[in-house]
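Heads up, the sequence shown stops at 814 in the working numbering, and the numbers go up one at a time, no gaps.
Notes to accompany the following structure.
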Amino acid sequence: MTTLVLAATLALGQAPEANPVHAVTDIAHDFSFYFDGRFGGQYIEPAGGRNVMNWGTLHEYDLSNANLLILQSAGTPCPYPAEDVDAVREFLAQGGGVLVLGDYATFRDETAYHLNDLVQAFGAQFAMEPAIGPLTASAALTDGEVETYGGKTIVLGAPTDWEVLVTDAAGRAVLARRSVGTGALIVGSRALAGHNPDASDDINASWWQPLLIAAASAKPVDPSTPPQGAYPEHLVEREGLRLQFSDYMEPYADIIFEIYAECRPVLEDIMGVPPAEGMLASLILLPTDGGGFSSGQTIGLGVWWGDFPDERYGMIELIGHEGAHSWVLPFPEPTWNEPIATYVGAHLAIRLGLVEQGRATIERCIEGGLEHDPDMDQADLANPEGLPNAVVWGKTFWLWEQLRAEEPETVAKYFQAKRRLADPDVIDAYTMHDAAVVLSEAMGRDLFPWLNDHGVRVSRDEAAIRP
Numbered sequence: 348m349t350t351l352v353l354a355a356t357l358a359l360g361q362a363p364e365a366n367p368v369h370a371v372t373d374i375a376h377d378f379s380f381y382f383d384g385r386f387g388g389q390y391i392e393p394a395g396g397r398n399v400m401n402w403g404t405l406h407e408y409d410l411s412n413a414n415l416l417i418l419q420s421a422g423t424p425c426p427y428p429a430e431d432v433d434a435v436r437e438f439l440a441q442g443g444g445v446l447v448l449g450d451y452a453t454f455r456d457e458t459a460y461h462l463n464d465l466v467q468a469f470g471a472q473f474a475m476e477p478a479i480g481p482l483t484a485s486a487a488l489t490d491g492e493v494e495t496y497g498g499k500t501i502v503l504g505a506p507t508d509w510e511v512l513v514t515d516a517a518g519r520a521v522l523a524r525r526s527v528g529t530g531a532l533i534v535g536s537r538a539l540a541g542h543n544p545d546a547s548d549d550i551n552a553s554w555w556q557p558l559l560i561a562a563a564s565a566k567p568v569d570p571s572t573p574p575q576g577a578y579p580e581h582l583v584e585r586e587g588l589r590l591q592f593s594d595y596m597e598p599y600a601d602i603i604f605e606i607y608a609e610c611r612p613v614l615e616d617i618m619g620v621p622p623a624e625g626m627l628a629s630l631i632l633l634p635t636d637g638g639g640f641s642s643g644q645t646i647g648l649g650v651w652w653g654d655f656p657d658e659r660y661g662m663i664e665l666i667g668h669e670g671a672h673s674w675v676l677p678f679p680e681p682t683w684n685e686p687i688a689t690y691v692g693a694h695l696a697i698r699l700g701l702v703e704q705g706r707a708t709i710e711r712c713i714e715g716g717l718e719h720d721p722d723m724d725q726a727d728l729a730n731p732e733g734l735p736n737a738v739v740w741g742k743t744f745w746l747w748e749q750l751r752a753e754e755p756e757t758v759a760k761y762f763q764a765k766r767r768l769a770d771p772d773v774i775d776a777y778t779m780h781d782a783a784v785v786l787s788e789a790m791g792r793d794l795f796p797w798l799n800d801h802g803v804r805v806s807r808d809e810a811a812i813r814p
């Protein structure tokens, strides 16, 4: 009877209440905004499961109250040492389910795809050959339709050990599973799952959800105790900053802190004010070349952004960009929030002697904007819906460069005025209309006519700030 109930539950794509899916998504080898919660939001939580993230060294994470482990990695230099492989093997032996998603890729001049160090221990390998569509699902999947973003194939060392779930048009495996101990291992192309940071593309959810529930079903967990995520295990206090990193990121910690310490006073000089109270208190090192994030109190820095550590410019610009996001709070900037952060980062690099690279960033952005708004009098940053990113960025850079030509300390004066005028006890939001008020105060003249002449339709009547 229990088996029949479980089978019926899995067919409906719902985890049994007595043993829900407790999933841990590893983002310690390759950070992405998608796997930082979006994968779980598409494929785990809708089926009644719980999903948390592991930011720290994999073999140091406590998997005792988890029954599904999701591992993924693009072409990063992050290793899967023997200790990680042993931790995965032990989890499988306990009945846990493991999903490994990847597509063969290498980092810069490296020749190895490090995720293969893990899956080869279990008789699989991510191959260089692209998957040829259309893809075909086996009868084991509840829905035979397979969507994909392309992806590549996998090679199975002992095919009789594996059940192939998805093949390409040439009959090669794209997704397969096998038993390891009492657990289940699933290996497949990363392209079979969603990608969008807004979680708007839950492709193949109709079969992913029951497949993952089944993979997790053999390892009991405590349904009354949710799984706990883990941040990087190393926490170092340096000059008032909390620096967090995993074993994998430890080789980069000292040099990135040295660059941050060099940038911090210069960034404060550019911004004209210290960070908002409580902001920019900690820094997390991220295994990615895809940028970073700012949550206000914490900024995350992708350690390989802009060819770092071979090149310094990208890291300096990134520190300026993410730092600026913390500086501007409690109110984020309006339409130009992202471009103004990079604008600050470029000028930070210029101040630190990387003039050519900083000027190249500014000029490149302006050139991109001029392609859409040649006279810089059309694109309305106060009503940006439908505007290409290139013109939002380019026009932002152009406007600020015009004002800096008049007053080199425009950025500092603007943020000083914003800190004085944008009072969260008085206003609830900060719009382009408010930014125009603040900018006018900073420049000592009414900039509303000038902004409107350049297509930015701002009005004092629409502003919440009334100096």
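Virtual Cβ for every residue (Gly too), placed ideally from N, Cα, C.
This structure is a prediction, so every number in the text was calculated from the model and none was measured.
With 16 other Cβ atoms within 10 Å as the buried cut-off, status of residue i
{"i": "PHE655", "result": "buried"}
{"i": "HIS801", "result": "buried"}
{"i": "GLU584", "result": "exposed"}
{"i": "THR350", "result": "Since pLDDT at THR350 reaches only 33, below the 50 mark, its modelled position is unreliable, and the value read off the structure follows with that caveat. THR350 should be labelled exposed."}
{"i": "PRO544", "result": "exposed"}
{"i": "GLY480", "result": "exposed"}
{"i": "SER673", "result": "buried"}
{"i": "LEU582", "result": "exposed"}
{"i": "GLY360", "result": "A caution first: GLY360 carries a pLDDT of 49, below 50, which makes its placement in the model too unreliable to give a value."}
{"i": "THR708", "result": "buried"}
{"i": "SER485", "result": "exposed"}
{"i": "ALA355", "result": "Its pLDDT being 36, under 50, ALA355 is placed unreliably by the model, and the measurement read from it follows with that caveat. It counts as exposed."}
{"i": "ARG813", "result": "exposed"}
{"i": "MET818", "result": "The chain is shown from 348 up to 814; residue 818 falls before or after that span and cannot be answered."}
{"i": "GLN389", "result": "buried"}
{"i": "GLY491", "result": "exposed"}
{"i": "PRO579", "result": "buried"}
{"i": "GLN556", "result": "buried"}
{"i": "GLU894", "result": "Nothing can be reported for residue 894, as the shown portion of the chain is limited to 348 through 814."}
{"i": "ARG385", "result": "buried"}
{"i": "THR458", "result": "exposed"}
Delimiting residues of the alpha helix (DSSP H) encompassing residue i
{"i": "GLN389", "result": "386-390"}
{"i": "MET626", "result": "First-last for MET626: undefined, no H or E at that position."}
{"i": "PHE438", "result": "429-440"}
{"i": "THR746", "result": "Thr is not the amino acid found at residue 746; the sequence shown has Leu there. Looking at the DSSP string, the run of the alpha helix (DSSP H) that includes LEU746 is 736-753."}
{"i": "LEU702", "result": "Note that residue 702 is Val in the sequence shown here, rather than Leu. From DSSP, the alpha helix (DSSP H) with VAL702 extends over 702-717."}
{"i": "LEU786", "result": "779-790"}
Any C-beta of chain D under 8 Å from that of residue i
{"i": "ILE391", "result": "No chain D appears in the structure shown, which is made up of a single protein chain."}
Residues that DSSP places opposite residue i in a beta bridge
{"i": "LEU448", "result": "GLN419, GLY535"}
{"i": "PRO477", "result": "LYS499"}
{"i": "ARG397", "result": "HIS369"}
{"i": "GLN467", "result": "Looking at the DSSP assignment, GLN467 forms no beta bridge with any residue, so it has no partner."}
{"i": "ALA484", "result": "VAL513"}
{"i": "ALA520", "result": "THR514"}
{"i": "VAL527", "result": "GLY530"}
{"i": "ARG585", "result": "LEU588"}
{"i": "GLN472", "result": "VAL502"}
{"i": "ALA577", "result": "ASN401"}
{"i": "LEU633", "result": "GLY649"}
Pair within 8 Å by beta-carbon distance, residue i and residue j
{"i": "GLY396", "j": "ALA565", "result": "no"}
{"i": "GLY403", "j": "PHE454", "result": "no"}
{"i": "PHE378", "j": "THR635", "result": "yes"}
{"i": "LEU462", "j": "GLY449", "result": "yes"}
{"i": "ALA487", "j": "LEU503", "result": "no"}
{"i": "LEU588", "j": "SER629", "result": "yes"}
{"i": "LEU614", "j": "GLY700", "result": "no"}
{"i": "LEU627", "j": "ILE646", "result": "yes"}
{"i": "VAL534", "j": "ILE501", "result": "yes"}
{"i": "GLU658", "j": "LEU695", "result": "no"}
{"i": "VAL445", "j": "GLY541", "result": "no"}
{"i": "HIS780", "j": "ALA810", "result": "yes"}
First and last residue of the uninterrupted beta strand (DSSP E) at residue i
{"i": "PHE592", "result": "588-592"}
{"i": "GLY649", "result": "645-649"}
{"i": "GLY639", "result": "639-641"}
Exercise. Three or more beta-carbon pairs under 8 Å between the segment 559-579 and the segment 363-375, yes or no?
Worked result: yes
For this session: Spell out a yes or no on whether the segment 625-644 and the segment 728-742 are touching, meaning 3 or more CB-CB pairs, one atom from each, closer than 8 Å.
Result: no
Exercise. Within the chosen definition, does the segment 416-430 reach the segment 456-470 through at least 3 CB pairs nearer than 8 Å?
Worked result: yes
For this session: Decide if the segment 778-793 is in contact with the segment 756-770; the criterion is three or more beta carbon pairs, one per stretch, under 8 Å apart.
Result: yes
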